[in-house]
Each structure stands twice: as C-alpha cells, then as structure tokens.
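All the letters of the sequence shown, read from the start, carry residue numbers 3 to 332 under the UniProt record's numbering. Note that CB positions come from ideal geometry on N, CA and C, so glycine has one too. Inspection log for the structure reproduced underneath, given as structure tokens.
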Amino acid sequence: NRTIVVAELPSDALTPEHFSMQEGDMPAPSDGEVLLRTILMSIDAANRSWMKGATYRDAVNAGDPMPTYAIYEVMESRSPRLSKGDIVAAEAIWADYTTCPAQKAQKLPDMRPLSNLMSVYGIAGKTAFHGLVGVGRPMAGETVLVSAAAGSVGGYVGQIAKALGCRVVGVAGGPEKCAWVVDTLGFDACVDYRDPKMFKALKAACPDGVDVYFDNVGGAVLETALFLMNERGRVVCCGAISQYDTAAPTGPRNLPGLVVVKRLRMEGFIVMDFAREDATALRALRTWVENGQIKVFEDIVEGLENAPSALIGLLSGDNKGKRMVRVGPD
Ligand code: NDP
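Here it is in structure tokens:
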C-alpha cells in the first residue's frame, strides 16, 4: 500500500521535493471501521493552505500523510453501517488503501461517472452555489465578477450566475484561458489578471460596475475588484489562492476604506456552513446540468504517484475545471 507523506513544509512555492512516497502493509480495519480502496481524490487549493497552519481544520505538518477528500469503495466493513462494495466519500489521506471509522464515511448515491460527485455534485458545485446564492445573493441583471474563472469553483459560479440572469465577467490567467471561459463556459467577458492593464480591461468589461465579486484569489485581483464595486455591492470571500503558495503574500491596500465608502458587505464562508441547503443546491445544479445551462468540466490526472504534481500544477493554473486524481477504477 502506497501513501504520500508531506516530507517537509514549504517556506515558499511547493515543489515535488516536499513529498515522499512510502510503501507499507495493507491497513486492517478495527471494530467500527472500514477498509477503503481509493477511486478518486480531490485536489484542492486548500491542500496548500493547510500546510500554512490551522484553518477551519488542523494544520498539515511534516511527516503527515496528505489529507484529502476522496471517493472510495468499501473493501471490508467491521461496522453494520456500511457493506463491502459500497461507494463512499470520506476525508482520508493520499494512499491506495486506508481505513476510517464507518460513521465518518458518507454513502454516495449509485451514480456514474463517480467524478460528477466530486465536481458539479460535490464540493466544487456546492461551494459555487452556496457562496453565490447564499452569500452573494445576485439579482437578475446585476454584474457578477468571479476570479479563478476557469477553475472548478469559479467555472460553476459564472455558469450559475448566467443561469440566474446576471452579466458575468471572469478573471483568469492568460489569453487562452480567458477565451475558453467566454467561448466554452459562456461568460460575457473574461480578463487576464497577468495583463498589466487589468484594471482598464476590467473596467471596460464591467461598464455598469460590479454588484457581486466572488473572490477565489485575494491579493491584487481583490484590490482591483474593490475599485469597481458598486455601492452596497457584495464581496464573497471564498478563498485566497494567490496567497497560499508564496512567502510574500500581498493584500489589498484599499481596505477598509472602500468597504466603508461604498457600504460593501464582505463575507467569508465555508461550504459546510450551508450543509442544510445542500439538497436545494443539488436539485438546482442537476436541473441546470440537464437543461444544458451548466457544462461540467473535469480535469482528471491518472495515478496516485502524480498527486503532488497535480497539486503543484493546480497552484500555477494548469487545470481547467475540477482537478482530481484517479487512483483506481470506478
Ligand atoms: P481551482 O480549480 O479554481 O484552481 C485554482 C486556480 O486558481 C488555478 O487554476 C489558477 O488559474 C488560479 N490561480 C492560481 N494562482 C493564482 C493567483 N496568484 N492569482 C489568481 N489566480 C490564481 O481550485 P479550487 O476550485 O480548488 O479552489 C478555488 C478557490 O476556492 C480557492 O481559493 C479555494 O481555497 C476555494 N475554496 C473554498 C471553499 C470554501 O468552502 N470556502 C471550498 C472549496 C474551495 P489561473 O490559470 O486563472 O491562474
């Protein structure tokens, strides 16, 4: 059984040397536990932020296996709650096989492809829905701006906002990604944040200002977006990926001034806060997928051994849509 461990914590950008692969025996479940075979592991920007210290969960330290949210098959059960062959989701580790208390594994619906349960019907789709609808509360006709627009959360945010009748503008890295966001995801416009004229380009793309900014990145893009916000606009603080993989994070310089003057509401959220609304989110997402208003893009990297490079690549933007690693067949 292979497990990937964080060998050393990065002080600057993450590299493959920060990980090591360990070979060990097949784990054996204790009473109340299940033995799980890994099928798909979610690769999240958050993996990197956990290496910086405790957040809404414990910090990851040197020597720890990398934690992950993943989809598994139950190979052996020592609990009446689950049976051999069940497909479950659980928080476990980057490994071929793992054990976990049965009560911490959530049985998943029998649905194929399983990858959809990690993308549109998983954390990505739910984060996009809850953050936009529950926190941003856009109204039809308003302008919604979203960063990391070609990523998994951002891509759904924009498509949901379009389905709700908003004008949608994305921010993404590079002209090719921006063109994809407009042509394939159907955003009204998309601006390259690496372009030194980002402010001018965003201003032109948002002629009526911005009513809701869904912020996945923080830093310079947040600073720019704050200048474009309309009075009583809402800034949905979902994540700050520009700050995770660097020793020199930069923050917006216009806080709290612009929040005061423009009477903005800036509000952070964690997807789990809205667990009671999950059924509503999933119903809406399913309807939009079925009627073609939401397209599902998944970026699946093959092989457990490629998990470190999949995470490093995500942080530098080499993904489109929800990135995950396939460890074994559905
Ligand atoms: P994505 O699929 O969005 O991938 C991350 C993207 O971020 C990359 O593709 C890259 O695209 C972009 N990016 C990387 N560095 C920068 C930078 N310096 N400035 C601007 N963009 C950058 O990843 P996730 O969907 O996993 O995460 C998106 C955000 O959502 C993260 O901030 C994450 O922490 C947050 N999140 C929050 C949750 C919550 O409950 N609040 C739950 C899940 C995720 P590009 O090529 O455009 O640079």
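Excluding its 5 nearest sequence neighbours in each direction, residue 313 has C-beta neighbours in its own chain below 6 Å: 45 and 49, listed in chain order. Secondary structure remark: continuous alpha helix (DSSP H) runs of at least 4 residues inside the stretch 189-220, in chain order: 200-207. In the DSSP annotation of this structure, residue 163 is not part of any beta strand (DSSP E); the continuous alpha helix (DSSP H) holding it starts and ends at 154-165.
DSSP places residue 140 in the coil class of the three-state scheme, outside both helix and strand. Looking at the DSSP output, residue 327 shares a beta bridge with 43 and 303. The distance from the Cβ of residue 170 to that of residue 160 is about 5 Å, consistent with a contact at the 8 Å cut-off.
Note: residue 236 is bridge-paired with 214 and 267 in the DSSP secondary-structure output.
Residue pairing by DSSP puts residue 170 in a beta bridge opposite 146. Distances taken from the Cβ of residue 156 to the heavy atoms of the ligand NDP include one shorter than 8 Å. Nearest C-alpha to residue 95 among 85, 56, 129 and 42: 42.
For residue 240, the shortest C-beta to heavy atom distance toward the ligand NDP is below 8 Å. Here residue 203 is buried. Its C-beta has 16 or more other C-beta atoms within 10 Å. Here residue 213 is near residue 231, since their CB atoms are less than 9 Å apart. By DSSP's assignment, residue 23 forms a beta bridge with 6. In this structure, the C-beta of residue 221 approaches the ligand NDP to less than 8 Å from one of its heavy atoms. Within its own chain, the residues whose Cβ lies closer than 7 Å to the Cβ of residue 155, once the five positions on either side in sequence are excluded, are 126, 129, 130, 218 and 240, listed in chain order. Bounds of any beta strand (DSSP E) do not take in residue 312; it lies within the alpha helix (DSSP H) bounded by 309-317. Between residue 152 and the set 207, 39, 233 and 194, the nearest pair of CA atoms involves 194. Burial check for residue 324: the Cβ neighbour count within 10 Å reaches 16 or more, so the residue is buried. Cβ neighbours of residue 77 within its own chain (closer than 6 Å, five residues either side excluded): 37 and 39. With at least 16 other beta carbons inside 10 angstroms of its own, residue 148 counts as buried. Annotated as proximal: residue 221 and residue 253, with beta-carbon spacing under 9 Å. The straight-line gap separating the alpha-carbon atoms of residue 116 and residue 283 is approximately 18 Å. Shortest gap from the CB of residue 218 to any heavy atom of the ligand NDP: under 8 Å.
Bounds of any alpha helix (DSSP H) do not take in residue 95; it lies within the beta strand (DSSP E) bounded by 89-95. Note that the C-beta distance between residue 307 and residue 73 is not below 9 Å.
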